[in-house]
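There are 2 protein chains.
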Amino acid sequence: MTLARRTGCPLTVDDWVQAGFALLSEGGPNALRIGRLCERLEVTKGSFYWHFTDMCAYRTALSDAWANLHDERRRHFEFLRAIEGRDRLEEMVRALIRPDHWALERAMRIWAMTDESIMRSVQQSDERVLSEVRQAFLDCGFDDEEAAMRSSVLFATGVGLLHEARVVEETPTPLRGQVLDLMLRR
Amino acid sequence: MTLARRTGCPLTVDDWVQAGFALLSEGGPNALRIGRLCERLEVTKGSFYWHFTDMCAYRTALSDAWANLHDERRRHFEFLRAIEGRDRLEEMVRALIRPDHWALERAMRIWAMTDESIMRSVQQSDERVLSEVRQAFLDCGFDDEEAAMRSSVLFATGVGLLHEARVVEETPTPLRGQVLDLMLRR
DNA sequence: ACCTGAACACCGTTCAAGT
DNA sequence: ACCTGAACACCGTTCAAGT
Chain A
33 MTLARRTGCP LTVDDWVQAG FALLSEGGPN ALRIGRLCER LEVTKGSFYW
83 HFTDMCAYRT ALSDAWANLH DERRRHFEFL RAIEGRDRLE EMVRALIRPD
133 HWALERAMRI WAMTDESIMR SVQQSDERVL SEVRQAFLDC GFDDEEAAMR
183 SSVLFATGVG LLHEARVVEE TPTPLRGQVL DLMLRR
Chain B
33 MTLARRTGCP LTVDDWVQAG FALLSEGGPN ALRIGRLCER LEVTKGSFYW
83 HFTDMCAYRT ALSDAWANLH DERRRHFEFL RAIEGRDRLE EMVRALIRPD
133 HWALERAMRI WAMTDESIMR SVQQSDERVL SEVRQAFLDC GFDDEEAAMR
183 SSVLFATGVG LLHEARVVEE TPTPLRGQVL DLMLRR
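As given, the protein sequences belong to chains A and B, one line each in that order.
Going letter by letter, the first sequence gives residues 33 to 218 in the numbering used here.
Going letter by letter, the second sequence gives residues 33 to 218 in the numbering used here.
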């Protein structure tokens, strides 16, 4: 994670966004407070309100930036189309459950549950990912209906596992394999 | 939902708890504010602080009360043991995804994600439910390992669907059937 | 025992004033 | 253009005082 720090030069919108991602990753949605952002960036609250009209506008900036991060994942998934059926799904599940920005991913999903606009942004990204997963099932030879159902279940399982997070760090590899075996059974 | 209202007589702890459940169901964790509770019960904040030492203690009272509600569900599941394999799982999934107190259930799970102590309470209830689901798979003839894996996936799917909530009201019956068919495939 | 009412700290927001 | 500093409303918390 990038450490956004004050260095004398004026702040950019991206400085505020990066600081926000850091707070979200470290402490979840409730840690995202204007006061803490200002501490981190070593400015006063007035500075925040010069860059953003209010907290709501800042949220929008954050979810836009997050959507851009997700475009990278989508491109990664498109790239995966070269890989054959099961291996491709396995790689997808790995990416779904433990992405590069795991803590941020989780914080955004938690945040979405109490914030309509964040929710919309997350759902939009999810739909793209889900359609790639469905495509993978189609390529494995399932018909439309089966592919739709199985991809929905696999995706919901991933989200469920992400939230349960009994073992926060990593879902054990054997479980990932078993889940896939089950999802691919005819 | 019970409407807790002031009637002249002194308030009980349960009055505060019921008012809290109502706020949680209507507006989620962020709607649970002392000020709103007092409006609802037509008292001032000092009254709250006579019944509870602080917000943290009130949280504990709420999650205890919620755990008691869940004991009813567990008893319902134990009662279901009389039913044979697949029908029993179907009834369980219905109860998992659309319980009597759907909005409260969802609010508690969302709340748990930003509150350690609520999280522990939810996990404790979940473990009991999960072990009943695992038992159902065992009774369907799966061995220990398979039953553990399939019950985990089915439960995670339920949680995932509960959170996605694209269609908030109800998961369509055919999907529920398809998911079960998949989970029971050998 | 049960509650009021006033006080204080904290946080989001506004805005006139500074460089 | 970019930021400070003081002000205000809102909310969690405390506590002396009331019945």
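No residue lacks a Cβ here, since even glycine has one placed at the ideal position from N, Cα and C.
{"Check": "Assumed close pair residue 154 of chain B, residue 144 of chain B - CB separation to whole angstroms, cut-off 8 Å", "Outcome": "4 Å"}
{"Check": "Residue 73 of chain A versus residue 84 of chain A - alpha carbon distance", "Outcome": "15 Å"}
{"Check": "8 Å Cβ cutoff met for residue 222 of chain B and residue 152 of chain B", "Outcome": "No answer is possible for residue 222 of chain B: it lies beyond the span of chain B, which begins at 33 and ends at 218."}
{"Check": "Residue 67 of chain A to residue 102 of chain B span [Cα, whole Å]", "Outcome": "39 Å"}
{"Check": "Rounded separation between residue 181 of chain A and residue 165 of chain A - CA only", "Outcome": "11 Å"}
{"Check": "Local conformation of residue 47 of chain A per DSSP, three classes", "Outcome": "helix"}
{"Check": "Proximal residues of chain B, C-beta to C-beta of residue 156 of chain A below 7 Å", "Outcome": "Going along chain B, no residue has its Cβ under 7 Å from residue 156 of chain A, so there is no contact; the nearest lies around 12 Å."}
{"Check": "Endpoints, the alpha helix (DSSP H) within which residue 145 of chain A is located", "Outcome": "Per DSSP, residue 145 of chain A belongs to no alpha helix (DSSP H) and is neither H nor E."}
{"Check": "CB contact below 8 Å: residue 142 of chain A versus chain B", "Outcome": "yes"}
{"Check": "Neighbour flag for residue 68 of chain B against chain A, beta carbons, 8 Å", "Outcome": "no"}
{"Check": "Touching by the beta-carbon criterion (3+ pairs, under 8 Å), the region 112-119 of chain B and the region 58-65 of chain B", "Outcome": "no"}
{"Check": "Rounded C-alpha distance that separates residue 195 of chain A from residue 190 of chain B", "Outcome": "12 Å"}
{"Check": "Straight-line gap, residue 142 of chain A to residue 187 of chain B (C-alpha atoms, nearest Å)", "Outcome": "19 Å"}
{"Check": "Three-state secondary structure (DSSP) of residue 194 of chain B", "Outcome": "helix"}
{"Check": "Beta-carbon proximity check, residue 158 of chain B vs residue 91 of chain B, cutoff 8 Å", "Outcome": "no"}
{"Check": "Unbroken stretches of the beta strand (DSSP E), 3 residues or longer, contained in the region 148-180 of chain A", "Outcome": "none"}
{"Check": "With 16 other Cβ atoms within 10 Å as the buried cut-off, status of residue 47 of chain B", "Outcome": "buried"}
{"Check": "Backbone secondary structure at residue 65 of chain A - three-state DSSP", "Outcome": "coil"}
{"Check": "Span of the alpha helix (DSSP H) around residue 88 of chain A", "Outcome": "87-112"}
{"Check": "Sub-8 Å separation of residue 43 of chain B and residue 79 of chain B beta-carbons", "Outcome": "yes"}
{"Check": "Neighbour list for residue 117 of chain B in chain A, Cβ cutoff strictly below 8 Å", "Outcome": "The premise fails here: residue 117 of chain B is roughly 17 Å from chain A at the closest Cβ pair, so nothing lies under 8 Å."}
{"Check": "Closest Cα partner of residue 211 of chain B within the set A:113, A:171, A:121, A:216", "Outcome": "A:216"}
{"Check": "Beta-carbon contacts of residue 162 of chain A that lie in its chain and below 7 Å, excluding the five residues immediately before and after", "Outcome": "183, 187"}
{"Check": "Residues that residue 146 of chain A contacts on chain B, provided the C-beta gap is smaller than 7 Å", "Outcome": "60, 61, 62, 142"}
{"Check": "Neighbourhood of residue 214 of chain A by C-beta distance below 8 Å, restricted to the same chain and skipping five residues each side", "Outcome": "none"}
{"Check": "Whole-angstrom distance between residue 41 of chain B and residue 52 of chain B, CA atom to CA atom", "Outcome": "19 Å"}
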